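Numbering (the numbering used here), first residue to last: 63 to 330.
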């Protein structure tokens, strides 16, 4: 793993940290590759039961594309078709990263410690739960540099806040402070900046101790229902509930309830 992304696994919780604080955790190629690979590693590792995604430093979660690198790539490949071009990064990096976050068969918590802009905002939007510092902010930023949305923002943002508000923030990008993010429904919780790391870790650890397979089914059912009819969604719920009902964790939960004990889930 490149040192631009840190990966730590402890007691079922994989903490993935973007680690370019001097560059506000901007996404150069090395960072994008390392983040993609870290997320895929977490998704595939049965020892991982929840993921905490954050940024290092106090200024930024992630400000999106590294524009200094971007300038060089544009000069080298004006049509954006080359393997190393800035446009190919959507296919090679951003799409796999967002797919890994949203499709992760375990919960993903984003601890937004500062500015989340462009693709950085997209990564946070793709997470299942967002805890943000009271000093944090969001900015879609794409139109400001004459680009369209990527990193899943066209899909995630309107599902978080509705089409009209999403269109407003994409057409007229601006900073969205922590209180507005909470009011809009982008953030689930706002905490003092100096408490963010502890609060986010506590939430993520609670999820890591929970029924992982049931969480995966919940994520799958929500994603499916977003694009299907009620009848189709009911059928999917039936299928997923049968699977959950056959899990080891369901048996553990039922036995614990009968015996008035706290369940100790295995994630299976």
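For every residue, glycine included, the Cβ atom is placed at its ideal position computed from N, Cα and C. Every value quoted in this text rests on a predicted model; they were computed, and no experiment measured them.
Within its chain, find whatever has a CB closer than 6 angstroms to the CB of residue 273; leave out the 5 residues flanking it on each side and keep chain order.
Taking the chain shown and counting its residues from 1, one reaches residue 273 at position 211. Closer than 6 angstroms at Cβ, skipping near neighbours: 311, 327.
What's the gap between the Cα of residue 128 and the Cα of residue 164?
By one-based count along the chain shown, residue 128 stands at place 66. By one-based count along the chain shown, residue 164 stands at place 102. It is roughly 23 angstroms from the alpha-carbon of residue 128 to the alpha-carbon of residue 164.
As assigned by DSSP and simplified to three states, the class of residue 327
Reading the chain shown from its first residue, position 265 is the one you call residue 327. It is coil, neither helix nor strand.
Determine the contact status of residue 266 and residue 196, defining contact as a CB-CB distance below 9 angstroms.
Numbered from its first residue, the chain shown carries residue 266 at position 204. Numbered from its first residue, the chain shown carries residue 196 at position 134. No, the pair does not count as a contact, with Cβ atoms beyond the cut-off.
So what's residue 109 in DSSP terms, helix, strand or just coil?
Here residue 109 refers to the residue found at position 47 when the chain shown is read from its first residue. In the three-state scheme derived from DSSP, where H, G and I count as helix and E and B as strand, residue 109 is classed as coil.
Looking at residue 199: is its Cβ nearer than 9 angstroms to the Cβ of residue 177?
Working through the chain shown from its first residue, we reach residue 199 at position 137. Working through the chain shown from its first residue, we reach residue 177 at position 115. In this structure, residue 177 lies closer than 9 angstroms to residue 199 by Cβ.
My output table needs one value for residue 145: the three-state DSSP class, helix, strand or coil.
Residue mapping note: residue 145 aligns to position 83 of the chain shown, counting from 1. Per-residue confidence for residue 145 stands at a pLDDT of 48, beneath the threshold of 50, marking its modelled position as unreliable; no derived number is given.
Inter-residue Cα distance where the pair is residue 313 and residue 302:
On the chain shown, position 251 is the one that residue 313 refers to. On the chain shown, position 240 is the one that residue 302 refers to. Cα to Cα, the separation comes out at about 16 angstroms.
Beta-carbon spacing of residue 124, residue 86 below 9 angstroms
Within the chain shown, numbered from 1, the residue matching residue 124 stands at position 62. Within the chain shown, numbered from 1, the residue matching residue 86 stands at position 24. It is a contact, given that the beta carbons lie within the stated cut-off.
Leaving aside the five residues before and after residue 231 along the sequence, list all residues of the same chain whose C-beta is less than 6 angstroms from its C-beta, in chain order.
Walking along the chain shown from the start, residue 231 turns up at place 169. Counting only Cβ-Cβ distances below 6 angstroms, and skipping sequence neighbours, we find 202.
Here's the rule: buried if 16 or more other CB atoms are within 10 angstroms of the residue's CB, otherwise exposed. What is residue 297?
Residue numbering aside, residue 297 sits at position 235 when the chain shown is read from its first letter. Residue 297 is exposed by the Cβ-count criterion.
Hey, which unbroken runs of the beta strand (DSSP E) at 3 residues or more fall wholly within the region 145-186?
Runs found: 170-174, 177-179.
Check whether the region 274-281 and the region 236-252 touch, using three or more Cβ-Cβ pairs below 8 angstroms as the test.
no
Can you tell me where the alpha helix (DSSP H) holding residue 317 begins and where it ends?
In the chain shown, the residue the question calls residue 317 occupies position 255. 310-320 is the span of the alpha helix (DSSP H), which, as asked, contains residue 317.
Reducing DSSP to helix, strand and coil, say where residue 267 ends up.
Working through the chain shown from its first residue, we reach residue 267 at position 205. In the structure shown, residue 267 sits in a helix (DSSP, three-state: H, G or I).
Inter-residue spacing [alpha-carbon to alpha-carbon] between residue 210 and residue 126
Start at 1 with the first residue of the chain shown, and residue 210 comes out as number 148. Start at 1 with the first residue of the chain shown, and residue 126 comes out as number 64. Straight-line Cα distance between these residues: approximately 13 angstroms.
Since residue 76 is in the beta strand (DSSP E), which residue starts that stretch and which ends it?
If you number the chain shown from 1, residue 76 lands on position 14. Here the beta strand (DSSP E) through residue 76 covers 75-80.
When you compare only the Cα positions, how much space is there between residue 81 and residue 116?
Numbered from 1 along the chain shown, position 19 holds the residue referred to as residue 81. Numbered from 1 along the chain shown, position 54 holds the residue referred to as residue 116. Approximately 9 angstroms, taken between the alpha carbons.
Identified DSSP bridge partners for residue 127:
Here the question's residue 127 lines up with position 65 in the chain shown. Answer is 89.
Identified DSSP bridge partners for residue 71
For this step, residue 71 is matched to residue 9 along the chain shown. Answer is 76, bridged to residue 71.
Endpoints, beta strand (DSSP E) assigned at residue 193:
What you label residue 193 is simply residue 131 of the chain shown in a count that begins at 1. Its beta strand (DSSP E) spans residues 191-195.
Out of 88, 282, 284, 69, which one is the CA nearest neighbour of residue 180?
Translated into positions along the chain shown, residue 180 becomes position 118. When only C-alpha atoms are compared, the closest one is 88.
Cβ neighbours of residue 318 in the same chain (closer than 6 angstroms, five flanking residues each side left out)
Position 256 of the chain shown holds residue 318. Cβ neighbours of residue 318 beyond the five flanking positions: 325.
What residue does the beta strand (DSSP E) around residue 251 start on, and which one ends it?
Translated into positions along the chain shown, residue 251 becomes position 189. Start and end: 251-253.
Is residue 188 near residue 153, with beta carbons less than 9 angstroms apart?
As a first step, residue 188 is located in the chain shown; it is residue number 126 there, counting from the start. As a first step, residue 153 is located in the chain shown; it is residue number 91 there, counting from the start. Going by C-beta atoms, residue 188 is not nearer than 9 angstroms to residue 153.
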